[in-house]
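The block underneath contains the structure these notes are about, expressed in structure tokens.
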């Protein structure tokens with residue numbers, strides 16, 4: 006008896022090689038170019054950036070490269086074509102704001118536990134409805150608008166409540 010397709014899919018994902026070349030940001034451009042030229046870059050996965058490092062997904066055995074690097078297993082793999090949260094937000098917000106409105110959506114956010122902090126452009130309309138979309142997609146119980154950065158000795162954010170639970174602490 007054959008295994009159901011979903012079991013095969015789960016097995017296939019766990020058995021995938023998820024190696025990546027980690028390089029300092031300053032070497033990333035040259036590293037990507039080299040990996041593409043030599044057919045080593047795995048273009049089914051996205052490149053990730055953080056902490057001054059760039060993780061470039063690779064396929065096959067990578068032993069020596071002409072730039073400083075380390076080989077690591079990617080912890081958070083994001084495959085190309087996979088819906089990232091912002092694409093989901095854009096899709097839902099387009100119905101509300103139209104094509105012009107989604108061009109000004111915040112592309113970055115700060116998430117503190119289940120509280121979301123967004124910085125809206127001044128001309129952004131329907132903030133409450135847009136905040137609700139962000140909250141639902143990102144799994145947050147409240148959305149605050151960053152209106153003035155961080156101030157004071159205790160470094161408290163200057164925010165306005167936009168959506169959800171009003172009993173928040175950041």
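Numbering (my numbering), first residue to last: 6 to 175. The beta-carbon is built from N, C-alpha and C at its ideal position, and this holds for glycine as well.
Assigned with DSSP and collapsed to three states, residue 37 falls in helix. Cβ-Cβ distances below 8 Å link residue 138 to 94, 97, 98, 101 in the same chain, with the five nearest sequence neighbours on each side left out; the list follows chain order. Residue state for residue 31 is assigned as helix, using DSSP reduced to three classes. Taking every protein chain shown into account, the CB of residue 170 has fewer than 16 other CB atoms within 10 angstroms, so this residue is exposed. Its chain contains 59 as the residues whose beta carbon lies nearer than 6 Å to that of residue 33, once the 5 sequence neighbours on both sides are disregarded; these appear in chain order. The secondary-structure analysis by DSSP pairs residue 46 across a beta bridge with 63. Remark: C-beta atoms of residue 77 and residue 27 approach each other more closely than 8 Å. A residue is called buried once 16 or more other Cβ atoms fall within 10 Å of its Cβ, and residue 108, having fewer, is exposed. The Cβ atoms of residue 48 and residue 63 do not sit closer than 8 Å to each other. Of the other Cβ atoms in all chains shown, 16 or more fall within 10 Å of the Cβ of residue 50; this residue is therefore buried. Setting aside the 5 residues that flank it on each side, residue 152 is surrounded in the same chain by 163, 164, 165, each with a C-beta closer than 7 Å to its C-beta; the list follows chain order. Residue nearest to residue 81 within the set 133, 114, 116, 53 is 53 (criterion: CA-CA distance).
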